[in-house]
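Peer 1: The listed protein sequences derive, respectively, from chains X and F.
Under the numbering used here, read the first sequence as residues 368 to 618, first letter to last.
Under the numbering used here, read the second sequence as residues 368 to 618, first letter to last.
C-beta atoms are modelled at their ideal positions from N, C-alpha and C, and glycine is treated no differently.
Protein chains: 2
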Amino acid sequence: MADSAPHAGRLTFGCLVGASQLLGLASVVLTGVWMGHYHGGYAWDGSGKEFNVHPLCMVLGLVFLQGDAVLVYRVFRNEAKRTTKLLHGIIHLLALILGVIGVVAVFDFHGQNNIPHMYSLHSWMGMVTVLLFCIQWLLGLLFFLFPGASSRLRALYLPVHVFSGLVLFVLAIGSCLLGIMEKLLFSIMLVYAERVPEGVLANVLGILLVAFGVLMCYLITKEEYKRPPNPEEEALSLHFKSLTEESPASP
Amino acid sequence: MADSAPHAGRLTFGCLVGASQLLGLASVVLTGVWMGHYHGGYAWDGSGKEFNVHPLCMVLGLVFLQGDAVLVYRVFRNEAKRTTKLLHGIIHLLALILGVIGVVAVFDFHGQNNIPHMYSLHSWMGMVTVLLFCIQWLLGLLFFLFPGASSRLRALYLPVHVFSGLVLFVLAIGSCLLGIMEKLLFSIMLVYAERVPEGVLANVLGILLVAFGVLMCYLITKEEYKRPPNPEEEALSLHFKSLTEESPASP
Numbered sequence: 368m369a370d371s372a373p374h375a376g377r378l379t380f381g382c383l384v385g386a387s388q389l390l391g392l393a394s395v396v397l398t399g400v401w402m403g404h405y406h407g408g409y410a411w412d413g414s415g416k417e418f419n420v421h422p423l424c425m426v427l428g429l430v431f432l433q434g435d436a437v438l439v440y441r442v443f444r445n446e447a448k449r450t451t452k453l454l455h456g457i458i459h460l461l462a463l464i465l466g467v468i469g470v471v472a473v474f475d476f477h478g479q480n481n482i483p484h485m486y487s488l489h490s491w492m493g494m495v496t497v498l499l500f501c502i503q504w505l506l507g508l509l510f511f512l513f514p515g516a517s518s519r520l521r522a523l524y525l526p527v528h529v530f531s532g533l534v535l536f537v538l539a540i541g542s543c544l545l546g547i548m549e550k551l552l553f554s555i556m557l558v559y560a561e562r563v564p565e566g567v568l569a570n571v572l573g574i575l576l577v578a579f580g581v582l583m584c585y586l587i588t589k590e591e592y593k594r595p596p597n598p599e600e601e602a603l604s605l606h607f608k609s610l611t612e613e614s615p616a617s618p
Numbered sequence: 368m369a370d371s372a373p374h375a376g377r378l379t380f381g382c383l384v385g386a387s388q389l390l391g392l393a394s395v396v397l398t399g400v401w402m403g404h405y406h407g408g409y410a411w412d413g414s415g416k417e418f419n420v421h422p423l424c425m426v427l428g429l430v431f432l433q434g435d436a437v438l439v440y441r442v443f444r445n446e447a448k449r450t451t452k453l454l455h456g457i458i459h460l461l462a463l464i465l466g467v468i469g470v471v472a473v474f475d476f477h478g479q480n481n482i483p484h485m486y487s488l489h490s491w492m493g494m495v496t497v498l499l500f501c502i503q504w505l506l507g508l509l510f511f512l513f514p515g516a517s518s519r520l521r522a523l524y525l526p527v528h529v530f531s532g533l534v535l536f537v538l539a540i541g542s543c544l545l546g547i548m549e550k551l552l553f554s555i556m557l558v559y560a561e562r563v564p565e566g567v568l569a570n571v572l573g574i575l576l577v578a579f580g581v582l583m584c585y586l587i588t589k590e591e592y593k594r595p596p597n598p599e600e601e602a603l604s605l606h607f608k609s610l611t612e613e614s615p616a617s618p
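1. Does the pairing of the segment 502-509 of chain F with the segment 546-564 of chain F give three or more beta-carbon distances under 8 Å?
2. Kindly list, in the order they appear in chain F, the residues whose Cβ is closer than 8 Å to that of L544 of chain X.
3. Please tell me whether A560 of chain F has its Cβ less than 7 Å away from any Cβ of chain X.
4. According to DSSP, simplified to helix, strand and coil, what is F513 of chain X?
5. Assuming P430 of chain X contacts C543 of chain X under a Cβ cut-off of 8 Å, what Cβ separation, rounded to an integer in Å, is found between them?
6. If you measure between the beta carbons of G376 of chain X and H421 of chain X, is that distance less than 7 Å?
7. Report all residues from its chain with a CB closer than 6 Å to the CB of L575 of chain F; omit the five preceding and five following residues, and keep chain order.
8. Go ahead and label C382 of chain F buried or exposed: buried means 16 or more other beta carbons lie within 10 angstroms of its beta carbon, across all protein chains shown.
9. Hey, quick one: how far does the alpha helix (DSSP H) through G408 of chain X stretch, first residue to last?
10. Could you have a look at M425 of chain F and say whether DSSP puts it in helix, strand or coil?
11. Using 7 Å as the threshold, is the C-beta distance between G541 of chain F and G541 of chain X below it?
12. What is the DSSP secondary structure of A560 of chain F, reduced to helix, strand or coil?
13. Name the chain X residues that come within less than 7 Å of P483 of chain F, Cβ to Cβ?
14. Count the other CB atoms within 10 Å of the CB of R441 of chain X; is the residue buried (16 or more) or exposed (fewer)?
15. Would you please state the rounded distance, in angstroms, between the beta carbons of F579 of chain F and G434 of chain F? I believe it to be under 8 Å.
16. Roughly how many angstroms separate the alpha carbons of G407 of chain X and N570 of chain X, rounded to a whole number?
17. Is M548 of chain X close to chain F, meaning its C-beta is less than 7 Å from at least one C-beta of that chain?
18. Could you say which of X:H374, X:S414, X:A410, X:K593 lies nearest to N619 of chain X if we only look at CA atoms?
19. Of the residues X:D412, X:N419, X:G385, X:A386, which one's Cα is nearest the Cα of T398 of chain X?
20. State buried or exposed for G385 of chain X, treating a residue as buried only when at least 16 other CB atoms are found within 10 Å of its CB.
21. Examine chain X for any beta-carbon lying closer than 7 Å to the beta-carbon of G428 of chain F, and answer yes or no.
22. Counting only beta-carbon separations shorter than 7 Å, does V395 of chain F have a partner in chain X?
23. Answer yes if the segment 484-498 of chain X comes into contact with the segment 544-555 of chain F, meaning at least three C-beta pairs across the two stretches below 8 Å, and no otherwise.
24. Beta-carbon within less than 6 Å of L378 of chain F's beta-carbon, same chain only, minus the 5 sequence neighbours each way: which residues are those?
25. Across the segment 521-535 of chain F and the segment 452-459 of chain X, are there enough close Cβ pairs to call them in contact, namely three or more that are closer than 8 Å?
26. Report the rounded CA-to-CA distance for K452 of chain X versus V529 of chain X, giving the unit in angstroms.
27. Using CA coordinates, which residue listed in F:L463, F:M485, F:A447 is at the minimum distance from G566 of chain X?
28. Along the chain, where does the alpha helix (DSSP H) that runs through E417 of chain X open and close?
29. Can you give me the C-alpha to C-alpha distance between A436 of chain X and V396 of chain X, rounded to a whole angstrom?
30. Cα-Cα, which of F:Q388, F:H374, F:P373 is closest to L582 of chain F?
31. First and last residue of the alpha helix (DSSP H) that includes H484 of chain X?
32. Which residues mark the beginning and the end of the alpha helix (DSSP H) in which V439 of chain F is found?
33. Of all the CB atoms in chain F, is at least one closer than 7 Å to the CB of V581 of chain X?
34. On the criterion of 16 or more Cβ atoms from any shown chain inside 10 Å, does H455 of chain F qualify as buried, or is it exposed?
35. Are F497 of chain F and G466 of chain F touching if we call contact CB-CB under 7 Å?
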């Protein structure tokens, strides 16, 4: 009986992680269907089909993968920290690559069609998010994966990295919502109020993205799901401080 | 010298709170100027001027006041908990009243001008936010201000209340951003890409709202700025538990 509470906790955690993945995948699929079914699919030819690459890359990279990159610290909270850290960095790198492809797609589409760049609130917020995401990734690499930074520096930077990571995840979702609104009003403004299927599908996509964000933030910030302190790891870290590989002051 | 660190901490906290208030007030003023200067001002006559009441109420109530209602727990973290709690509830009530006026304004404007309600992503997200905000306020009142709830119930509900409060604050900002995008594309779609002053002003408003949100979340979640545990208050609370007025399990 004494074990039932932790078991129930693990079960709840597992269900919530499963639900988050369903919400995230549903968002990616809905974006794909929206651009594929209602806007002619994907290509890299300067047409509207090249624009369609943009939302798909952003939702898949900067929302779904960015969220999952953070979640690995909760899902693998009892695994070796270095492995988790590497996985965190690699998934973030994939997110970054997709984000850059997404930005290039929309800039190229604008360029080929004489559409001005960077005038809308969506573009301002999206660009700030992508630039800060690049900086965050580089700083994360320098502080936590390269052996140069001291434990003290890591410990000082860690809370900034964690807070900025959550902010960037939320900003990415906010930018996607603005993108949905912009795309809808440019495409179906005259019939949006009639609740046409495309409008409803895109609205549902927005709500799914918000639900994914809320659930991920819950899983990431809940004290119970955080990585437990590991005295052995900390002792090792102090002992082999010069190696700076398994410092407690890493996310 | 030993006192210099806490003093510097208090100074930083004061500066950040000041900056947050400047950002919040600037957002309210910019919303007022946008609707006042570019859209003819305010009235309650079913015209576009009645619509203009909507954004002003939402930014002032559900963003600025909602943020400040949470911030009182950080600014007055050394004052009596009951006073802070009352202030928290009263500012939230003001935010709620403004939110309801804002919703009524837009519904009345739609009704008078035969515009369908609740079809856009902005309206879906905004309505979810306002409804959840009402529920959150009522539950807060029942659990933490009415003497009925036991300390155990309060302690169980507290983390849910805190997490939901932050989510609602972020959702309110997200809904405002969507509202800005929608209003801009309905009003100046054909010249938005030319970076006309109205478009730039509204974009800056969006960025200010995001900056306000990020700074508030930082101030609210930073461990150092949280209310320190007060042993006297806790002892009193245990002693006079039946009064359930100063329970430790209140936000």
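Peer 2: This is what the structure gives:
1. Contact fails: fewer than three Cβ-Cβ distances are below 8 Å.
2. What L544 of chain X touches in chain F: L488, M492, G541, L544, L545.
3. Residue contact with chain X for A560 of chain F: present (Cβ-Cβ distance below 7 Å to some residue of chain X).
4. The answer is coil: DSSP assigns F513 of chain X none of H, G, I, E or B.
5. Correcting the residue type first, residue 430 of chain X is Val in the shown sequence and not Pro. Yes, they are in contact, since the Cβ atoms of V430 of chain X and C543 of chain X sit about 6 Å apart, within 8 Å.
6. Contact flag unset, no.
7. Once the five neighbours on either side are set aside, the close Cβ partners of L575 of chain F are L390, A393, S394.
8. By the neighbour-count rule (16 or more Cβ atoms within 10 Å), C382 of chain F is not buried but exposed.
9. Looking at the DSSP string, G408 of chain X is not in any alpha helix (DSSP H), and its letter there is neither H nor E.
10. Reduced to three states, the DSSP call for M425 of chain F is helix.
11. For G541 of chain F and G541 of chain X, yes; Cβs fall inside 7 Å.
12. Correct three-state label for A560 of chain F: coil.
13. The CB of P483 of chain F comes closer than 7 Å to the CB of A560 in chain X, given here in chain order.
14. Here R441 of chain X is buried. Its C-beta has 16 or more other C-beta atoms within 10 Å.
15. For a cut-off of 8 Å, the C-beta gap from F579 of chain F to G434 of chain F is around 7 Å, short enough to register as a contact.
16. Approximately 19 Å between the Cα atoms of the pair.
17. Yes, M548 of chain X counts as interfacial toward chain F.
18. Given that chain X is displayed from residue 368 to residue 618, the structure contains no residue 619 of chain X and the question cannot be resolved.
19. For the residues X:D412, X:N419, X:G385, X:A386, the minimum Cα distance to T398 of chain X belongs to X:N419.
20. With fewer than 16 Cβ atoms within 10 Å of its Cβ, G385 of chain X is classed as exposed.
21. So, not an interface residue.
22. The beta carbon of V395 of chain F sits no closer than 7 Å to any beta carbon of chain X.
23. Yes: at least three Cβ pairs fall under 8 Å.
24. Its chain contains no residue whose beta carbon lies nearer than 6 Å to that of L378 of chain F once the 5 sequence neighbours on both sides are disregarded.
25. By the C-beta criterion, the segment 521-535 of chain F is judged not to be in contact with the segment 452-459 of chain X, since fewer than 3 inter-stretch pairs fall below 8 Å.
26. Pairing K452 of chain X with V529 of chain X, the inter-Cα distance amounts to about 13 Å.
27. Restricting attention to F:L463, F:M485, F:A447, the CA atom closest to the CA of G566 of chain X is found in F:M485.
28. Counting along the chain, E417 of chain X sits inside the alpha helix (DSSP H) bounded by residues 415-418.
29. Using only the alpha carbons, I get a separation of about 19 Å.
30. Of the listed residues, the one whose Cα sits closest to L582 of chain F is F:Q388.
31. Premise fails: H484 of chain X is in no alpha helix (DSSP H) and is neither H nor E.
32. Going by DSSP, V439 of chain F is part of the alpha helix (DSSP H) stretching over 433-442.
33. Closer than 7 Å: yes.
34. With 16 or more other CB atoms across the displayed protein chains lying within 10 angstroms of its CB, H455 of chain F is buried.
35. The sequence shown places Val at residue 497 of chain F, rather than the Phe named in the question. Their beta carbons are under 7 Å apart, which means V497 of chain F touches G466 of chain F by this criterion.
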